[in-house]
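**Q** First the structure, which I've put down as structure tokens, then a few questions once you've had a look.
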Amino acid sequence: MNPTLNPIDQHSFDFYQLGKVEPSAQNLLNVDSCWSAAYSLHGEYHGVVWIQFDQEIAEEVGMEIGNILSSRIADQISRNRDGAWVLTSPPFRPTRDRIQQLTSNSPTLLQKDYSFGGLGIRVWMIGLQPLDTGAGNA
Numbered sequence: 043m044n045p046t047l048n049p050i051d052q053h054s055f056d057f058y059q060l061g062k063v064e065p066s067a068q069n070l071l072n073v074d075s076c077w078s079a080a081y082s083l084h085g086e087y088h089g090v091v092w093i094q095f096d097q098e099i100a101e102e103v104g105m106e107i108g109n110i111l112s113s114r115i116a117d118q119i120s121r122n123r124d125g126a127w128v129l130t131s132p133p134f135r136p137t138r139d140r141i142q143q144l145t146s147n148s149p150t151l152l153q154k155d156y157s158f159g160g161l162g163i164r165v166w167m168i169g170l171q172p173l174d175t176g177a178g179n180a
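Residue numbering for the sequence shown follows my numbering, beginning at 43 and increasing consecutively.
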């Protein structure tokens, strides 16, 4: 994928007074001891932002970090695609079966590692597709 079209934010941000969320060059996440949240993207493009969090990150903290990251991804998609309309859903906790379905049936476009207080966060952008409006099918 062209780096100028990369919808995953590469910048750090302050997370209230709790610390900084910042891109990480290394994977700090132990996938055997993590939890997940997902955010649906809908509008002129649709897809799923799936985020894995270190088990030591409290759920309410992780969900809010996920809200910020998924909103930034939606905003970046909009900016990279001439102002396309893209919104995110509230977070949901995907089941293991749903995660397996997402990762096996959809192309994973991007993956990015972050850290928060030395703990790992991994963001996946899965299955980003333009909305099929049916135009030209008449």
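Just so it is clear, CB atoms sit at the ideal spot from N, CA and C, and this is done for glycine as well. The structure presented is a predicted model; accordingly, all values stated were derived computationally and were not measured.
Of all the options Asn122, Gln52 and Leu71, which has the alpha carbon lying nearest to the alpha carbon of Leu161?
**A** If we check each option's Cα against that of Leu161, Leu71 comes out closest.
**Q** For the segment 140-149 against the segment 55-71, do three or more pairs of beta-carbon atoms, one drawn from each stretch, fall closer than 8 Å, so that the two count as touching?
**A** No, they do not touch.
**Q** Could you work out which residue in Met167, Ser157 and Gln171 is closest to Gln68 when comparing CA atoms only?
**A** Residue Ser157 is the option with its Cα nearest to Gln68.
**Q** When the Cα atoms are used, what is the spatial distance from Arg164 to Gly108?
**A** Their backbone Cα atoms lie some 10 Å apart in a straight line.
**Q** Taking the alpha helix (DSSP H) that Ser19 falls in, what are its first and last residues?
**A** No answer is possible for residue 19: it lies beyond the span of the chain, which begins at 43 and ends at 180.
**Q** What separation, rounded to the nearest whole angstrom, lies between the Cα atoms of Gln142 and Gly61?
**A** So the two alpha carbons sit approximately 32 Å from each other.
**Q** Taking Ile115 and Ala126 to be in contact with their CB atoms under 8 Å, please state how far apart those CB atoms are, rounded to whole angstroms.
**A** Going by Cβ atoms, the distance from Ile115 to Ala126 rounds to 13 Å, so no, they are not a contact pair.
**Q** Which residue from Val63, Ser78, Pro65 and Gln59 puts its Cα closest to that of Arg140?
**A** Out of Val63, Ser78, Pro65 and Gln59, Ser78 has the C-alpha closest to the C-alpha of Arg140.
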